[in-house]
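What follows is a short report on a single structure.
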Amino acid sequence: MSKRFPKPEITLDGIYSKFADEGFCKDFLLDIRFANGFACPFCGGSEFRRIKTRHLLRCKFCKADISATNGTFMHKTHLPLRLWIVTAFLVMSNKSSVSAVTLMRTLGVTYKTAWYVLHRIRKAMKCREERYLLDGIVELDDTYLGAPTHGKKRGRGTEKVKIIVALSKSAAGCPLYLKMTDVPNLKGVTVGRFARKNIRQGSKIESDNASSYKKPLAQKYFHVFETYDPASGRLDWTHKVISNFKAMIAGTYHGNEKIHTSLYAAEYCYKFNRRKFGNGAYLRLLAALVQ
263 MSKRFPKPEI TLDGIYSKFA DEGFCKDFLL DIRFANGFAC PFCGGSEFRR
313 IKTRHLLRCK FCKADISATN GTFMHKTHLP LRLWIVTAFL VMSNKSSVSA
363 VTLMRTLGVT YKTAWYVLHR IRKAMKCREE RYLLDGIVEL DDTYLGAPTH
413 GKKRGRGTEK VKIIVALSKS AAGCPLYLKM TDVPNLKGVT VGRFARKNIR
463 QGSKIESDNA SSYKKPLAQK YFHVFETYDP ASGRLDWTHK VISNFKAMIA
513 GTYHGNEKIH TSLYAAEYCY KFNRRKFGNG AYLRLLAALV Q
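In the working numbering, the protein residues as written are 263 to 553.
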């Protein structure tokens with residue numbers, strides 16, 4: 263379809279209509295789970311028989327029955343699978359985030375149910391994000407999350423939530439992929455641990471001249487640093503990402519940023535890194551939930 267007449271976006275009504283039948287939802291998620299070929303989670307067998315009446319796959323080797331949810335982030339769920347699919351769509355189609363209260367009102371479920379589903383989805387996002395490393399040119403910075411603390415330490419010794427942010431860029435300076443997590447402190451040991459876990463060795467890292475960055479990043483990375491100057495344009499994309507993340511926290515969770523900060527950061531990174539998938543974004547989230 264031409265750019266003048268782009269493909270229509272999937273709507274919430276369309277999702278409800280497509281996934282109205284629970285049996286269809288089970289088969290749909292089974293197909294996503296084994297999209298790259300069947301592998302029995304119990305014995306590793308590659309051959310199966312589909313039991314259509316029960317919406318299961320039976321391994322031909324160990325005879326185990328595999329559903330769409332067993333051993334996944336939806337393991338032993340008693341909730342309708344359509345609820346999970348609709349929530350995945352709502353989360354990925356919303357530029358900011360979806361709170362448990364909003365989901366409760368939208369789907370007509372209890373707050374406990376809404377919180378549980380969102381929590382499991384964010385865990386799946388975090389698990390998927392941990393698979394990948396940033397490489398090439400990477401901007402690195404840190405920030406704080408929380409309300410001002412009066413009469414207490416400021417700067418790197420503050421009691422606010424401390425967050426390290428890394429953003430890879432193309433050679434032209436366009437943002438590519440994002441990593442972000444909360445840390446107990448901003449000491450050199452912590453910065454080095456974050457870098458080893460999230461940035462491929464040999465990458466070029468750009469940062470300010472914070473002393474805690476220099477020693478851990480000099481060993482296995484090409485580290486370029488200088489005193490931060492807002493007029494220079496350095497770290498601009500990272501600061502935009504940080505600003506948008508704080509706006510998401512303030513607009514969705516209304517100050518409860520210290521609770522599950524790592525999961526909120528994982529959600530933001532997951533959606534940022536898949537911002538170009540459009541209609542298919544929720545399908546990738548479903549794949550993360552069932553694999």
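Backbone N, C-alpha and C fix where the C-beta goes; we use that ideal spot for every residue, glycine too.
By how many angstroms is the C-alpha of residue j removed from the C-alpha of residue i?
i	j	result
G333	V423	33 Å
A362	Y406	24 Å
H381	L343	16 Å
K280	K449	51 Å
K314	A528	36 Å
L318	K288	8 Å
V371	L365	8 Å
S524	G464	26 Å
L323	L548	It is worth fixing the name first, because residue 323 is Phe in this sequence and not Leu. So the two alpha carbons sit approximately 27 Å from each other.
K466	V400	6 Å
Y544	G306	28 Å
M442	S308	37 Å
S505	L369	30 Å
F539	A376	25 Å
N535	R312	35 Å
L497	D404	11 Å
D293	L396	30 Å
S473	P446	17 Å
I277	Y475	47 Å
V379	F456	28 Å
A282	I383	21 Å
I272	R546	15 Å
F286	N541	20 Å
K459	V451	12 Å
A330	I521	31 Å
F290	Y526	28 Å
R316	V348	22 Å
M387	Y530	9 Å
G639	K325	Only positions 263 to 553 of the chain appear in this structure, which leaves residue 639 out of reach.
N483	V427	Note on identity: in this sequence residue 483 is Tyr, with Asn being the wrong assignment. Answer to the nearest angstrom: the Cα atoms are 16 Å apart.
H340	Q553	19 Å
What does residue i pair with, by DSSP beta-bridge criteria?
i	result
I511	For I511, which the question treats as bridged, DSSP gives no partner whatsoever.
Y406	K424
S213	The requested residue 213 is not part of the displayed model; the chain covers only 263 to 553.
R311	R320
I556	Missing from the structure shown is residue 556; the chain here goes from 263 to 553 and no further.
Counting only beta-carbon separations shorter than 8 Å, does residue i have a partner in chain B?
i	result
P492	No chain B appears in this structure, which consists of one protein chain only.
The alpha helix (DSSP H) spanning residue i covers which residue range?
i	result
M387	373–391
K441	Not the alpha helix (DSSP H): K441 falls in the beta strand (DSSP E), residues 437–445.
F539	Counting along the chain, F539 falls outside any alpha helix (DSSP H), and DSSP gives it neither H nor E.
V451	450–460
W363	Reading off the sequence, residue 363 comes out as Val, not Trp. Here the alpha helix (DSSP H) through V363 covers 362–369.
Y475	473–480
K280	274–280
G333	That residue, G333, is in no alpha helix (DSSP H); it is neither H nor E in DSSP.
F296	Segment: none, F296 is in no alpha helix (DSSP H) and carries neither H nor E.
The beta strand (DSSP E) with residue i in it runs from where to where?
i	result
S469	466–469
L395	Looking at the DSSP string, L395 is not in any beta strand (DSSP E), and its letter there is neither H nor E.
F351	No beta strand (DSSP E) contains F351, which is instead part of the alpha helix (DSSP H) from 343–355.
F487	484–487
Tell me, to the nearest whole angstrom, how far the beta carbon of residue i is from that of residue j; I am working on the premise that it is less than 8 Å.
i	j	result
V486	L429	Between L429 and V486 the Cβ distance is about 15 Å, and since that is not below 8 Å, they are no contact.
D444	I461	Actually they do not touch by this definition, with Cβ atoms about 17 Å apart.
S432	L440	So it is not a contact: roughly 14 Å between Cβ atoms.
F310	K385	The Cβ separation is near 27 Å, so there is no contact.
L551	W346	7 Å
S390	Y532	Checking the displayed sequence, the identity of residue 390 turns out to be Arg instead of Ser. Correct: roughly 7 Å between the Cβ atoms.
T500	N471	Between N471 and T500 the Cβ distance is about 15 Å, and since that is not below 8 Å, they are no contact.
S494	L402	About 16 Å separates the two Cβ atoms, so there is no contact after all.
Is it a yes or a no for the segment 350–364 touching the segment 499–514, going by three-plus beta-carbon pairs under 8 Å? Contact between the segment 350–364 and the segment 499–514 is present, because at least three Cβ pairs lie under 8 Å.
Touching or not, the segment 292–309 and the segment 348–355, by the rule of three or more beta carbon pairs under 8 Å? No contact exists between the segment 292–309 and the segment 348–355.
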